[in-house]
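Working notes for the structure below.
Shown next as structure tokens:
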């Protein structure tokens with residue numbers, strides 16, 4: 014059981030849509046579409062990926078991290094440190 | 014002819030790799046992989062998309078924008094404004 | 014008592030340094046320094062601000078959020094939702 | 014003469030406002046204000062800095078880069094490469 018288990022369908026739906034956007038990008042490049050239009054589509058795919066990341070992170074905090082804290086012990090600290098590192102990677106990416 | 018025409022193979026190679034990463038993400042979610050590992054993979058795909066965007070933007074400035082400026086006229090201003098807007102979308106995404 | 018109470022000196026030291034960078038930016042503009050050098054300094058101040066944000070967020074999760082979860086009740090959910098919103102703002106800014 | 018010369022007053026006004034925000038942040042920390050409120054203010058200062066960067070970059074492309082291209086020669090390529098690097102730093106910060 015993970016944080017995202019309850020939202021699995023929604024996560025998968027979003028990821029399939031992003032996969033479609035990335036395939037759409039390949040077609041745009043094949044068709045020699047205008048650079049700026051390709052860039053607009055990339056920004057849109059990037060934002061969509063960030064949306065999935067924020068959703069997963071929220072689920073992770075609400076479930077995995079919250080449970081580890083409620084249980085207590087060493088695992089809670091590790092989970093919090095891990096979450097902080099994941100947040101830092103997201104903010105910097 | 015677009016800015017990226019000369020780098021088309023490289024752009025397509027990167028986009029196919031990103032498509033593979035997004036499909037890999039779907040498999041990770043299917044397999045109930047740990048949230049943090051999914052997030053790490055999302056950060057990696059986001060960075061890869063940004064890399065493609067920066068490459069296309071560089072090509073666009075070096076070719077389309079530079080040519081419009083060298084030719085002069087109204088088109089040059091429009092191309093510069095357009096590029097600035099694309100940069101703003103990238104910085105904010 | 015807040016998450017950052019123990020790191021207050023470090024947070025203030027960083028914020029004073031960022032204030033100095035922003036004043037430095039004003040001087041650069043006054044002195045008509047080259048645009049690209051000004052931009053480099055802005056990127057550096059932005060990264061420094063993000064660093065403070067990540068530090069505060071980590072402290073917040075480790076203390077305020079962890080305590081609310083350990084105590085349980087409605088406050089824990091509110092703190093988690095609040096933290097997720099703050100993370101989303103950071104990722105998008 | 015730089016790209017931002019015509020907007021110097023506006024740039025300085027924004028930078029002074031950002032300096033005020035960073036000083037406000039120090040006061041918030043001194044006053045032990047709630048972490049999330051400090052984070053919200055940091056996101057706001059970060060966005061404001063990005064706004065100044067995008068303004069300077071736009072001015073830089075419209076003036077310095079456009080003039081170098083119109084003049085032609087080696088300087089044009091260098092200015093374009095330099096601008097691309099500055100954009101990459103901004104996108105990544």
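Residue numbers (the numbering used here), protein chains in the order written: chain G, 14 to 106; chain L, 14 to 106; chain V, 14 to 106; chain C, 14 to 106. All C-beta atoms, glycine included, are put in the ideal place defined by N, C-alpha and C.
For residue i, the three-state DSSP class (helix, strand or coil)
i            : result
residue 33/L : helix
residue 56/C : helix
residue 97/L : helix
residue 46/C : coil
residue 64/G : helix
residue 15/C : coil
Rounded distance between the beta-carbons of residue j and residue i, thought under 8 Å
i             : j             : result
residue 102/C : residue 97/V  : With a Cβ gap of about 29 Å, residue 102/C and residue 97/V do not count as contacting.
residue 48/L  : residue 73/G  : 4 Å
residue 93/V  : residue 75/G  : 5 Å
residue 69/C  : residue 17/C  : 5 Å
residue 99/L  : residue 53/G  : 7 Å
residue 45/G  : residue 15/L  : 6 Å
residue 104/C : residue 104/L : 6 Å
Any chain V beta carbon closer than 8 Å to residue i
i             : result
residue 28/G  : no
residue 107/G : Nothing about residue 107/G can be read from this structure; chain G reaches only from 14 to 106.
residue 88/G  : no
residue 32/C  : yes
residue 56/C  : yes
residue 16/C  : yes
Below-8 Å beta-carbon distance, residue i vs any chain G residue
i             : result
residue 19/V  : no
residue 25/V  : no
residue 79/L  : no
residue 104/V : yes
CB contact below 8 Å: residue i versus chain C
i            : result
residue 65/L : no
residue 91/L : no
residue 44/V : no
Proximity test, Cβ basis, 8 Å: residue i and chain L
i            : result
residue 69/C : no
residue 82/C : yes
residue 39/C : no
Chain D contact residues for residue i, given Cβ-Cβ distances below 8 Å
i            : result
residue 51/C : Checking the listed chains, one finds no chain D in this structure; the protein chains it contains are G, L, V and C.
Requested in this report: Check whether the segment 23-41 of chain V touches the segment 18-37 of chain C, counting contact only when three or more Cβ pairs, one atom from each stretch, lie closer than 8 Å.
Outcome: yes
Query raised in the report: Are three or more beta carbon pairs between the segment 14-21 of chain V and the segment 58-71 of chain G nearer than 8 Å?
Result: No contact exists between the segment 14-21 of chain V and the segment 58-71 of chain G.
Query - Any 3 or more C-beta pairs closer than 8 Å across the segment 75-95 of chain C and the segment 75-93 of chain L - result: Here the segment 75-95 of chain C lies against the segment 75-93 of chain L, with 3 or more beta-carbon pairs under 8 Å apart.
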